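For reference, the structure is listed below as structure tokens.
In structure tokens, the structure reads:
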């Protein structure tokens, strides 16, 4: 994630989540282009906000920004089209929400804010990669939407079940992603992480995993040829999912699973292998962009491929890691360099490794498949034969 700068005298640094400049105190936010956080000036006469660079274009804070500070979205009122029968003004990211938590329960609000932060960061990476991204108002059949709901009581960190509430499972169904609000609660999520013996469990990780299922439909199932090629790398996804799920929770991951999979859960079914690998690709891309922003991508000593693919490492971020011309080997080699730095920094703070995973050759090949699927360049993948 890049950082940005305010246009004020101090040139104050702005983060993607910033809602105001700490130096000049102006409102800052992001519009529907969703690629830049910048300052806005309020005009009392018109009641609108205006960018310094677009003094004639009126903006309004997203309702979720204005009322709950749950986002920093700004809405162009010249182009905004209200939803029929709904009196609300929502920004680009908030228009993906189908259901938000019950906000009459006050303790739901800070957890919902965490959900929005994770969702917006996940969407940002999708936009940077130029992936198809439509909400259900734009595409009723295959648009993306989110439900943020729960079936348990926030008062005891989501231990007690709520009466007359159906069970809520985090998952994906044809573009509709449900994430249980409990995943935004640190205590509840930590308990689940320990119970599941997981190395890593984050709210952002859930978004990226479920989005992986969505983009399997959007990128792979649209072509019989791509689908058949995908099976050669991830396995036959037409295997019975419910049986695979029962088998996994009964027997766990097979011995030596880490030779071919990024996580134990990835062994459950080819769908989950794809989604887990997709999530890691997104983790890598976003983290490398952040490292690049601060010029700490790691050592390149002895590397001969950098200039061939990307030139000097001082190139702008969006000309490097997100480029379709950049070798996936370059990306993964740079990632392994930086992951050592990242984990070492965490250990210096007395924390666990930020990235406690190993990228074996089998996993690198799967990451390569996803890289080429995103850039529509699967012709570059070797046509492997199943053993």
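Numbering (our numbering), first residue to last: 4 to 390. Every residue gets a Cβ at the ideal spot worked out from N, C-alpha and C, and that includes glycine. Quantities reported herein were computed from a predicted structural model and do not represent experimental measurements.
**Request:** With DSSP as the reference, label residue 118 as helix, strand or coil.
**Result:** In this structure, DSSP gives residue 118 a helical state, which the three-state scheme calls helix.
**Request:** Return the Cβ separation of residue 22 and residue 31 in integer angstroms, given the expectation that the two are a contact with Cβ distance under 8 Å.
**Result:** At roughly 7 Å, the Cβ-Cβ gap stays under 8 Å, so residue 22 and residue 31 are in contact.
**Message:** Assuming contact is defined by CB atoms lying nearer than 8 Å, are residue 211 and residue 285 in contact in what I supplied?
**Reply:** Yes, Cβ-Cβ distance for residue 211 and residue 285 is below 8 Å.
**Asked** Is it right to say residue 265 is buried, meaning 16 or more other beta carbons lie within 10 angstroms of its own, or is it exposed?
**Response** Residue 265 is buried by the Cβ-count criterion.
**Item:** Inter-residue Cα distance where the pair is residue 302 and residue 340
**Value:** Because the pLDDT of residue 302 is 45, which lies under 50, any placement of that residue in the model is unreliable, and the number read from its coordinates should be weighed accordingly. For residue 302 and residue 340, the gap between their C-alpha atoms comes out near 6 Å.
**Item:** Close beta carbons around residue 40, own chain, < 8 Å, minus the five adjacent residues each side
**Value:** Non-local C-beta neighbours of residue 40 in its own chain, meaning closer than 8 Å and more than five positions away in sequence, comprise 7, 17, 18, 19, 21, 31, 32, 33, 75, ordered along the chain.
**Item:** Cβ contact check for the stretch 101 to 108 and the stretch 349 to 363: 3 or more pairs under 8 Å
**Value:** Because the criterion of three Cβ pairs below 8 Å is not met, the stretch 101 to 108 and the stretch 349 to 363 do not touch.
**residue 164 CB to nearest heavy atom of the ligand SAH below 7 Å** = The ligand SAH is not part of this structure, which contains no ligands at all.
**Length of the line joining the Cα atoms of residue 52 and residue 28** = Roughly 14 Å between the two C-alpha positions.
**Request:** Report all residues from its chain with a CB closer than 7 Å to the CB of residue 215; omit the five preceding and five following residues, and keep chain order.
**Result:** Only 277, 278, 281, 282 meet the Cβ criterion.
**Message:** Looking at the secondary structure, which residues open and close the alpha helix (DSSP H) in which residue 42 lies?
**Reply:** For residue 42, there is no enclosing alpha helix (DSSP H); the residue is found in the beta strand (DSSP E) stretching over 41 to 46.
**residue 148, DSSP secondary structure in three states** = Strand, per DSSP.
**Asked** Taking the continuous alpha helix (DSSP H) assigned at residue 215, which residues delimit it?
**Response** Under the DSSP assignment, residue 215 falls in the alpha helix (DSSP H) whose first and last residues are 206 to 222.
**Asked** The alpha helix (DSSP H) spanning residue 77 covers which residue range?
**Response** In the DSSP assignment, residue 77 falls outside any alpha helix (DSSP H) and within the unbroken beta strand (DSSP E) covering 77 to 79.
**Asked** If we call anything under 8 Å between Cβ atoms a contact, is residue 148 one with residue 138?
**Response** Yes, they are a contact pair.
**Message:** Let's see if you can read the secondary structure: which residues bound the alpha helix (DSSP H) around residue 298?
**Reply:** Careful: residue 298 lies outside any alpha helix (DSSP H) and carries neither H nor E.
**Prompt:** Over what stretch of residues does the beta strand (DSSP E) that includes residue 63 continue unbroken?
**Reply:** Looking at the DSSP string, the run of the beta strand (DSSP E) that includes residue 63 is 62 to 64.
**Request:** Quick one: residues in its chain with C-beta nearer than 6 Å to the C-beta of residue 183, no 5 flanking neighbours on either side, listed in chain order?
**Result:** Taken in chain order, the residues that qualify are 153, 171, 173.
**Asked** Looking at the structure shown, is residue 315 part of a helix, part of a strand, or coil, going by DSSP?
**Response** In this prediction, residue 315 has a pLDDT of 39, which is less than 50 and means its spatial position is unreliable; what the coordinates show is noted afterwards. Coil, per DSSP.
**Asked** In this structure, what does DSSP give as the bridge partners for residue 51?
**Response** Note: residue 51 sits in a beta bridge opposite 46.
**From 14, 77, 68, 358, residue whose alpha carbon lies closest to that of residue 54** = Distance check between residue 54 and each of 14, 77, 68, 358 places 77 closest, using alpha-carbon atoms only.
**Asked** Which word fits residue 82, buried or exposed, when buried means at least 16 other C-beta atoms lie within 10 angstroms of its C-beta?
**Response** When all chains shown are included, residue 82 counts as exposed.
**Prompt:** Is the Cβ-Cβ distance between residue 402 and residue 124 less than 8 Å?
**Reply:** Here the chain comprises residues numbered 4 to 390, so residue 402 is not present and cannot be evaluated.
**Item:** Bridge-paired residues (DSSP) for residue 33
**Value:** Answer is 76, bridged to residue 33.
**Asked** Is residue 228 helix, strand or coil by DSSP?
**Response** Three-state DSSP puts residue 228 in a helix.
**Buried or exposed (CB count within 10 angstroms, at least 16 for buried), residue 289** = Classification of residue 289: buried, given that the 10 Å Cβ count is 16 or more.
**Prompt:** So the beta strand (DSSP E) residue 101 belongs to, where does it begin and stop?
**Reply:** For residue 101, the enclosing beta strand (DSSP E) begins and ends at 100 to 102.
**Item:** Residues that residue 138 bridges to, as DSSP identifies them
**Value:** DSSP output for residue 138 lists 147 as bridge partner(s).
**Asked** Hey, how far is the Cα of residue 367 from the Cα of residue 217?
**Response** Cα to Cα, the separation comes out at about 22 Å.
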